[in-house]
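Notes to accompany the following structure.
What follows is the structure, encoded as structure tokens:
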């Protein structure tokens, strides 16, 4: 099956610092999605990347898809306490309906 | 639009007892997923439905787990008998035409 590695597993940052989580696949991907799960909540869709080398921005969040379509990153600039949660990548090497989730990066933002 | 609705929100049972979870997806979403999420881990797919057909159930422990999606709308997931290791959050999600997943709030199962 598809292997997904997401690092780091945990990240503690001071409010205002930047944060990055990385997702790596053993296979070439057709698309990658990113989700955020707040403590006690459920995963909520953030964005989908489809094209090689694609970069998308959502306010302070920057999402990137690797040129070889095997890895992706999520970068948050100047973290805020509202960014607290676990960020998951979800990979697909075929149909977008067939998603494999990474283990997530749990972000803690210290005020 | 109403989101994905799951019930119950919490369930505590003794081992060897049966348990069932219910999911009502977003109206018009033909794809329905059941995921299992252990603490500190990502969701793991148990089964995926396209309308009423189970198209991916390779990760469903069929000796004790069963699922159905009658009429291609609501779905139930059953465990019989439950084991201690089944304690987890069971998430239901739905999507339409390959769109991103919309998750319900999940059912937190505790097996004692």
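Residue numbers (the working numbering), protein chains in the order written: chain S, 1 to 111; chain V, 1001 to 1112.
Ideal placement from N, C-alpha and C gives every residue a C-beta, glycine not left out.
Every value quoted in this text rests on a predicted model; they were computed, and no experiment measured them.
C-alpha gap between residue i and residue j, whole angstroms
i, j, result
"residue 112 of chain S", "residue 1093 of chain V", "With chain S represented from 1 up to 111, any question about residue 112 of chain S goes unanswered, as that position is not in the structure."
"residue 1011 of chain V", "residue 1107 of chain V", "7 Å"
"residue 1053 of chain V", "residue 110 of chain S", "46 Å"
"residue 35 of chain S", "residue 1058 of chain V", "24 Å"
"residue 1068 of chain V", "residue 1039 of chain V", "26 Å"
"residue 1064 of chain V", "residue 1105 of chain V", "24 Å"
"residue 1079 of chain V", "residue 42 of chain S", "22 Å"
"residue 1055 of chain V", "residue 16 of chain S", "45 Å"
"residue 53 of chain S", "residue 67 of chain S", "4 Å"
"residue 7 of chain S", "residue 91 of chain S", "15 Å"
"residue 1017 of chain V", "residue 1050 of chain V", "30 Å"
"residue 25 of chain S", "residue 3 of chain S", "6 Å"
Sub-8 Å separation of residue i and residue j beta-carbons
i, j, result
"residue 1030 of chain V", "residue 1074 of chain V", "no"
"residue 1090 of chain V", "residue 1022 of chain V", "no"
"residue 1082 of chain V", "residue 1036 of chain V", "no"
"residue 97 of chain S", "residue 1098 of chain V", "yes"
"residue 70 of chain S", "residue 28 of chain S", "yes"
"residue 31 of chain S", "residue 48 of chain S", "yes"
"residue 107 of chain S", "residue 33 of chain S", "no"
"residue 39 of chain S", "residue 102 of chain S", "no"
"residue 1014 of chain V", "residue 1112 of chain V", "yes"
Simplified DSSP state of residue i, which is helix, strand or coil
i, result
"residue 29 of chain S", "coil"
"residue 1086 of chain V", "helix"
"residue 1060 of chain V", "coil"
"residue 70 of chain S", "coil"
"residue 21 of chain S", "strand"
Contact belief for residue i with residue j at Cβ below 8 Å, rounded distance in angstroms
i, j, result
"residue 73 of chain S", "residue 80 of chain S", "The Cβ separation is near 19 Å, so there is no contact."
"residue 1109 of chain V", "residue 1019 of chain V", "6 Å"
"residue 9 of chain S", "residue 105 of chain S", "7 Å"
Range covered by the beta strand (DSSP E) that runs through residue i
i, result
"residue 85 of chain S", "85 to 92"
"residue 52 of chain S", "Careful: residue 52 of chain S lies outside any beta strand (DSSP E) and carries neither H nor E."
"residue 1066 of chain V", "1065 to 1068"
"residue 1050 of chain V", "1044 to 1050"
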